[in-house]
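Beneath this line is the structure, given in structure tokens, with notes to follow.
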Amino acid sequence: MKTITIGDQILEIKDYYCNNGNGYIDKTDHKLWLYINIADVCNGHCPFCINPCKSEGSTSFNIALFKNTLYKIKDHINGISITGGEPMLFPELVDDVIGVIREVYKCYIETDLVTNGFNITGIQNLKHLIYLDSVHISRHRIDDTLNNKVFGIPVATAQEIKEFISGLSDPGKIVFNCILMKEGINSVNEIADYLEFAAELKVHNTSFIGMAPANPFCIENYVDPADFDFRHDSRFTIFNRLQDHAYCKCSSGGYEAEARDVRFYYRCIGSEKAPYARQLVYTADNRLLAGFNGKEIHLDNE
1043 MKTITIGDQI LEIKDYYCNN GNGYIDKTDH KLWLYINIAD VCNGHCPFCI
1093 NPCKSEGSTS FNIALFKNTL YKIKDHINGI SITGGEPMLF PELVDDVIGV
1143 IREVYKCYIE TDLVTNGFNI TGIQNLKHLI YLDSVHISRH RIDDTLNNKV
1193 FGIPVATAQE IKEFISGLSD PGKIVFNCIL MKEGINSVNE IADYLEFAAE
1243 LKVHNTSFIG MAPANPFCIE NYVDPADFDF RHDSRFTIFN RLQDHAYCKC
1293 SSGGYEAEAR DVRFYYRCIG SEKAPYARQL VYTADNRLLA GFNGKEIHLD
1343 NE
């Protein structure tokens, strides 16, 4: 396993590409994805959430400390996701973070925003929206009322999302993230209905996610997308199936909706925990971690 040194930590990282049926191939890019949790505050109450959040309050995220950290680790990063908590509770901070990313990298680095759909007007008003490659909106049911029930709060309606997308210069930025569960999207036909819904809203990409076993709800309501038989349904085209040993598996494909062709992707964890660092995480209290549950990395030694 390849190792890299960041601050006071020597991290084992993935040094191969996932298996597409032809074995594992060595990779030369030994960089990691960075998740920026700008707040531990979330207005949602999702039963499957793996990130303990406060229901209200502020954030101690310090933009100057973040900038200093990003300068030190920038050569180890190949992409960035801005998340939380719910980042759109703090839209000005989201803008500041995107601005820092632009300042540090100067040239291109893939940057995403992940949100539950709250404050969708605020997304449209972000000064630096143009620099986001994608905005991932969590949407777990087709029906607005049922979707709100999952979150435990009112979030963006289908009509509001459609109007938001129509106002974008690049509608392809929007991605739906859908958690699969027994009381929700849970079969090939349900996925087909969801993709018809996404296509009608002009959402071109959807990610279907198998839950991590974070709590009893996740375990009892788990649905494995890898069990779905897409290949025998003419509406679907599977582009690839990938597996990382027993750590995780994913696939991507296309769907012929009435409104337009759309793309979809699914991923789910495997039966074993990966022995390497899968990402870096910058926390709302200004710490750098080697993964969501990883050790804190101290950069003073660099």
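Using this note's numbering, the first residue of the sequence shown is number 1043, and each one after it goes up by one. Beta carbons are placed, not taken as given, at the ideal position from N, Cα and C, and that holds for glycine.
Next item on the list: Check whether the Cβ atoms of A1299 and E1232 lie closer than 8 Å to each other.
Entry: no
Check: Which stretch, first to last residue, makes up the beta strand (DSSP E) that contains I1140?
Finding: Where I1140 is concerned, there is no enclosing beta strand (DSSP E), although the alpha helix (DSSP H) it sits in stretches over 1133-1147.
Next item on the list: Measure the alpha-carbon distance for Y1059 versus I1046 and round it to whole angstroms.
Entry: 17 Å
Margin query: For C1220, count the other beta carbons within 10 Å of its own beta carbon; 16 or more makes it buried, fewer makes it exposed. Which is it?
Written below: buried
Notebook entry, point to check: D1050 and N1120 look like a contact to me (Cβ under 8 Å); what is the Cβ gap, rounded to whole Å?
Noted result: With a Cβ gap of about 22 Å, D1050 and N1120 do not count as contacting.
Next item on the list: Note down, in chain order, each residue of its chain lying with its Cβ closer than 6 Å to the Cβ of V999, except the 5 sequence neighbours on either side.
Entry: This structure does not reach residue 999, given that the chain is present from 1043 up to 1344, and the question cannot be answered.
Item checked: Minimum C-alpha distance to N1079 - residue among S1249, S1102, D1068, E1098 -> S1102
Margin query: What does the alpha-carbon distance come out to for the pair L1155 and P1213?
Written below: 15 Å
Next item on the list: Could you check the C-alpha separation between L1171 and T1163 for me, to the nearest Å?
Entry: 12 Å
Checklist line | Helix, strand or coil at A1319 according to DSSP, with G and I counted as helix | finding: strand
Next item on the list: Following the continuous alpha helix (DSSP H) through L1188, name the residue where it begins and the one where it ends.
Entry: 1186-1193
Checklist line | Nearest-angstrom beta carbon gap, A1256 and I1311 [assumed within contact, 8 Å] | finding: At roughly 10 Å, the Cβ-Cβ gap does not stay under 8 Å, so I1311 and A1256 are not in contact.
Note to self: Is I1119 close to the ligand MN? I mean its beta-carbon at under 7 Å from any heavy atom of the ligand.
What the structure shows: What this structure holds is no ligand at all, so the ligand MN is not there to describe.
Check: From N1062, S1293, W1075, G1063, pick the residue whose C-alpha is nearest to that of I1055; which is it?
Finding: W1075
Notebook entry, point to check: Between V1192 and L1131, is the Cβ-Cβ spacing less than 8 Å?
Noted result: no
Item checked: Rounded distance between the beta-carbons of A1106 and A1326, thought under 8 Å -> So it is not a contact: roughly 15 Å between Cβ atoms.
Margin query: Taking the beta strand (DSSP E) that S1180 belongs to, which residues open and close that run?
Written below: 1176-1180
Next item on the list: Can you grab the Cα-Cα spacing for the pair Q1321 / Y1236, in whole Å?
Entry: 30 Å
Margin query: Please state the DSSP three-state secondary structure of Y1324.
Written below: strand
Notebook entry, point to check: What residue from G1296, Y1308, K1169 has the CA that sits closest to S1276's CA?
Noted result: G1296
Check: With 16 other CB atoms within 10 Å as the buried threshold, where does E1338 fall?
Finding: exposed
Margin query: Rounded to the nearest angstrom, what separates E1344 and R1305 at their Cα positions?
Written below: Low local confidence applies: a pLDDT of 47 at E1344 is under 50, so the model's placement there is unreliable, with the coordinate-based value given in what follows. Between E1344 and R1305, the C-alpha separation is close to 42 Å.
Check: Roughly how many angstroms separate the alpha carbons of G1336 and F1108, rounded to a whole number?
Finding: 18 Å
Check: Terminal residues of the continuous alpha helix (DSSP H) containing C1260?
Finding: 1258-1262
Item checked: Cβ-Cβ separation, F1160 to N1110 (assumed contact under 8 Å), whole Å -> Incorrect: roughly 30 Å between the Cβ atoms, too far for contact.
Next item on the list: In the DSSP assignment, find the beta strand (DSSP E) that holds V1156 and state where it starts and stops.
Entry: 1153-1157
Checklist line | N1219: first and last residue of the uninterrupted alpha helix (DSSP H) it sits in | finding: Segment 1216-1221 is the beta strand (DSSP E) holding N1219; no alpha helix (DSSP H) there.
Item checked: Where V1230 sits in the DSSP three-state scheme -> helix
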